[in-house]
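Residue numbers are given in the working numbering: position 603 of the sequence shown equals residue 607, and the series is strictly consecutive. Cβ atoms here follow ideal geometry from the backbone N, Cα and C, with glycine treated the same way.
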Amino acid sequence: MKDEDFYSSFFNSSFLITCNKKLPAPIPYLKDSFGQKVRVLDISLDGKLNISLPVATRCTKHTNNESVNGRSLYEFDLAPFHLSPKQNKLTVVGADAAGIIYENITSDMLNATAACVSLSFYVDGELASNESCTGTHCCDTPIQQSLSSFLYYSTVNIFNSNYSNPQINNYSCGYAFLVKDGAYQFTTTKGLDKNTFPVVLDWAVGNQTDTWQDHSACKSEHSQGHPAEAGPGYNCNCSAGWRGNPYLLHGCTDIDECKESSHECFEGARCENFPPGNYTCHCPDGHKGDGRKSGTKCTRKGKDNIIIIALSVSVSILTFIGGTFYVYWTSKKRKLMKLKEHFFQQNGGLFLQQEVARYSGSNEMTKIFTMEELKEATNNFDEGTILGQGGQGTVYKGILPDNRIAIKMSKISNTNQIEHFINEVILLSRINHRNVVKLLGCCLETEVPLLVYEFIPNSTVYEHLHDQSQSLRLTWKTRLQIATGSAGALAYLHSATTTPIIHRDVKTTNILLDHNLTAKVADFGASRIIPLDQTQLTTLVQGTLGYLDPEYFHTSQLTEKSDVYSFGVVLVELLTGKKALSFDRPETHRNLAMHFHSSINEGGLLNIIDSQIIDEANVEQLMDVANIAKHCLRLKGEERPTMKEVATELEAISIVEKHRWEKVNLSLEETENLLKATPSYSFSVVDGADKRSLQSGSDSLSRISLSLNGR
5 MKDEDFYSSF FNSSFLITCN KKLPAPIPYL KDSFGQKVRV LDISLDGKLN
55 ISLPVATRCT KHTNNESVNG RSLYEFDLAP FHLSPKQNKL TVVGADAAGI
105 IYENITSDML NATAACVSLS FYVDGELASN ESCTGTHCCD TPIQQSLSSF
155 LYYSTVNIFN SNYSNPQINN YSCGYAFLVK DGAYQFTTTK GLDKNTFPVV
205 LDWAVGNQTD TWQDHSACKS EHSQGHPAEA GPGYNCNCSA GWRGNPYLLH
255 GCTDIDECKE SSHECFEGAR CENFPPGNYT CHCPDGHKGD GRKSGTKCTR
305 KGKDNIIIIA LSVSVSILTF IGGTFYVYWT SKKRKLMKLK EHFFQQNGGL
355 FLQQEVARYS GSNEMTKIFT MEELKEATNN FDEGTILGQG GQGTVYKGIL
405 PDNRIAIKMS KISNTNQIEH FINEVILLSR INHRNVVKLL GCCLETEVPL
455 LVYEFIPNST VYEHLHDQSQ SLRLTWKTRL QIATGSAGAL AYLHSATTTP
505 IIHRDVKTTN ILLDHNLTAK VADFGASRII PLDQTQLTTL VQGTLGYLDP
555 EYFHTSQLTE KSDVYSFGVV LVELLTGKKA LSFDRPETHR NLAMHFHSSI
605 NEGGLLNIID SQIIDEANVE QLMDVANIAK HCLRLKGEER PTMKEVATEL
655 EAISIVEKHR WEKVNLSLEE TENLLKATPS YSFSVVDGAD KRSLQSGSDS
705 LSRISLSLNG R
């Protein structure tokens, strides 16, 4: 075969499959965007591609938690192929092991889409028997999303070996892998005897702009296109009565139903394979009918045609009368059902109306925008107007005649995600706070739901902290202002609204800065309302790793204290200038919250403070804010302060900071009045061998020394 013939034999470079002919049996494989070889097991015309992916393995010694062997992390970019969410699972095997899968590994932000924790228990010194993957020694979870770029990771001893038994083995191993549903059967007696498992990918032809109506890749004249199950593009199949390869010219051939006995001709009727793609049943001489079992069959011709006609007319009249009554009775109901289906498919408009009516105290949105207005404002949603992309959608910058706006186009790949869009509309329409981004309106005219916000010009806190190209440097005064404003917004959500609202995804990428560097809390797509008679909700765990409350992760019990933990991570991020989760740092430092705790316990807190603020900030204030963060990051939610207490404490620290910068000299009488008006809350922080008392209000203003208690 010539080279030009070889390179014209596949659809495009992504579909190129080559074989390693050096082995005894040639092995087909394709390459991902990183150049990694991925073994191909099987490919079918129905849009499925079976491949083989490796097991992420992490083994550590019990004595010092030192890694023994194995590769614990794998990343792949298989675009344009996608992991089939219906046919794959993330599976974890091991004692106190965990596995996590992330999406969009080619972008700056890693979003976890699935996680699984495998526990272990011992009875009388022996591993408890378990033959099913239900959470003990083995767990599995659906992928839930269609991913093309992903990373999966394995870790072990996530509970510090509290459930391990060193007398049985001197090391523990955790295995995390993606596997086709039903291709792995767990058993404690057999263990894990493979290092690769089969995985199912969805494939399609076309791209973002192609639709299944174009079906230009369906070469056979007897073929048709249909939308792909996941991602852009479409698949082809042969028309009814035809079979074969629809992607080849003349690839679909006529099925001879008569030879294969797949026809439904009535007994005694003769089957003829005509017309093409169908067949005809001929009744014997002296009989009439279409000859089909599901049709009029074959009946003998007779003289009772008049009786048959009379009966047919009578039945027709009765059917007409009954049908007319039925149509009259069901016409309004049918119209209502169609209207409900239409609104639900078009952004869940009816559901939105029901939710607004349910919360009668909600404010109506200021404006319903048309699609034409928003297209004009964004230059037809040009890529150059994209401000950012997150877990719930893409945000565009737009310009209206009277002001600048930000437009959020939600990600809705299935009808269940419409709830996120409705949820955010309901929440934001009920919120009025200077530190919460303002909702201006929405658009319900397109298949993709749109929300219109006020435009916040100075990007996110995350970008200013971690993007080296940002020219604006966040001073300690500005960081304290951001922390105080954000805490006030969360306290408002928790306690000042009619019913408490839990944000559920507090992080620096969801805190925006306006032209005055005032913090604006955004992105309420994951938020939840807690009824007045409840203190917690049981939900599917959702959030961002690094900020996610560990108590919520393990119990699925969502409380206001979950936001408190996430805000504690934000405080540490403001203090240190480090990312909440980074695989570029040593393993013990990857999780910023854990690194912060260990630094406090080892007396090295000041060593991790951001060098940009260490010289300008008051050390005592840094310790105060670190103390608040420490209490927010307690593992048990009941031991954490409320957001109202945190906001009050930060406000007191900000007052001291403001007076220090402005050099305001208060008289004795003014100071006493200020002390009386400021409430007091007390926390404590341990920094190495020293323990210092931290109080706000009167103590914060009158504190002149640091006390050491020898602990």
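Item, Value
"Compute the Euclidean distance between the alpha carbons of F571 and I657, then round it to the nearest angstrom.", "17 Å"
"Please return the same chain residues whose Cβ sits closer than 7 Å to the Cβ of L443, not counting the five positions on each side in sequence.", "M369, L432, S433, L455, Y457"
"If you draw a straight line from the C-alpha of I426 to the C-alpha of I372, how long is it?", "14 Å"
"Roughly how many angstroms lie between the CA atoms of E219 and Y238, to the nearest whole one?", "Looking at the sequence itself, residue 219 is His, so the reference to Glu does not match. Between H219 and Y238, the C-alpha separation is close to 7 Å."
"Output yes or no for whether 8 Å exceeds the beta carbon distance between G550 and A526.", "no"
"Does any residue of chain B have a CB that is nearer than 8 Å to the CB of T61?", "In the structure shown, chain B cannot be found, because there is only a single protein chain."
"Rounded to a whole number of angstroms, what is the C-alpha to C-alpha distance between A410 and R508?", "22 Å"
"Per DSSP, what are the beta-bridge partners of T95 in this structure?", "D144, F181"
"Out of D197, E467, L562, which one is the CA nearest neighbour of H498?", "L562"
"Hey, which unbroken runs of the beta strand (DSSP E) at 3 residues or more fall wholly within the region 451-506?", "454-458"
"Does the region 44-53 come close enough to the region 191-206 that 3 or more CB-CB pairs lie under 8 Å?", "yes"
"Beta-carbon within less than 6 Å of L57's beta-carbon, same chain only, minus the 5 sequence neighbours each way: which residues are those?", "L182, V203"
"So is Y330 buried or exposed if we call it buried at 16+ other beta carbons inside 10 Å?", "exposed"
"L151 and L77 look like a contact to me (Cβ under 8 Å); what is the Cβ gap, rounded to whole Å?", "16 Å between Cβ atoms; not a contact."
"Measuring straight from C-alpha to C-alpha, what distance separates P279 and C262?", "12 Å"
"CB-CB under 6 Å to S566, same chain, minus the five flanking residues each way: which ones, in chain order?", "D553, Y556"
"Taking buried to mean at least 16 other C-beta atoms within 10 Å of its own C-beta, is V668 buried or exposed?", "Since pLDDT at V668 reaches only 39, below the 50 mark, its modelled position is unreliable, and the value read off the structure follows with that caveat. Looking at its Cβ environment, which holds fewer than 16 other Cβ atoms inside 10 Å, V668 is exposed."
"Under the three-state reduction of DSSP, which class applies to K634: helix, strand or coil?", "helix"
"Count the other C-beta atoms from every protein chain shown that fall within 10 angstroms of the C-beta of A630, then say buried if there are 16 or more, exposed otherwise.", "buried"
"What alpha helix (DSSP H) runs, 4 residues minimum, are completely inside the region 590-637?", "596-605, 623-636"
"Going by beta carbon distance, what residues of the same chain come within less than 7 Å of L478, once the five residues before and after it are set aside?", "H468, L469"
"Compute the Euclidean distance between the alpha carbons of S48 and G392, then round it to the nearest angstrom.", "37 Å"
"Give me the DSSP bridge partner(s) of H226.", "Looking at the DSSP assignment, H226 forms no beta bridge with any residue, so it has no partner."
"Taking only the alpha-carbon atoms, compute the straight-line gap between Q3 and G445 and give it to the nearest angstrom.", "Outside the shown range of the chain (5 to 715) lies residue 3, about which nothing can therefore be said."
"Where does V160 sit, in a helix, a strand or coil, going by DSSP?", "strand"
"Decide if the region 266-276 is in contact with the region 243-253; the criterion is three or more beta carbon pairs, one per stretch, under 8 Å apart.", "no"
"Do I21 and P28 have their CB atoms nearer than 8 Å?", "no"
"Alpha carbon to alpha carbon, what distance is there between S316 and L322?", "10 Å"
"When you compare the region 220-236 with the region 81-101, are there three or more beta-carbon pairs, one atom per stretch, that lie closer than 8 Å?", "yes"
"Decide if N514 is buried, meaning its Cβ has at least 16 other Cβ atoms within 10 Å, or exposed.", "buried"
"What residue range does the beta strand (DSSP E) around F80 cover?", "77-81"
"Given a threshold of 16 other Cβ atoms within 10 Å of its Cβ, counted over all protein chains shown, does H226 qualify as buried or as exposed?", "buried"
"For S224, which residues from the same chain have a beta carbon less than 6 Å from its beta carbon, with the 5 sequence-adjacent residues on both sides left out?", "P250, G255, C256"
"If I measure Cβ to Cβ from L578 and keep anything under 7 Å in the same chain, skipping five residues before and after, which residues do I get?", "R483, I486, A487"
"Do M647 and A491 have their C-beta atoms within less than 8 Å of each other?", "yes"
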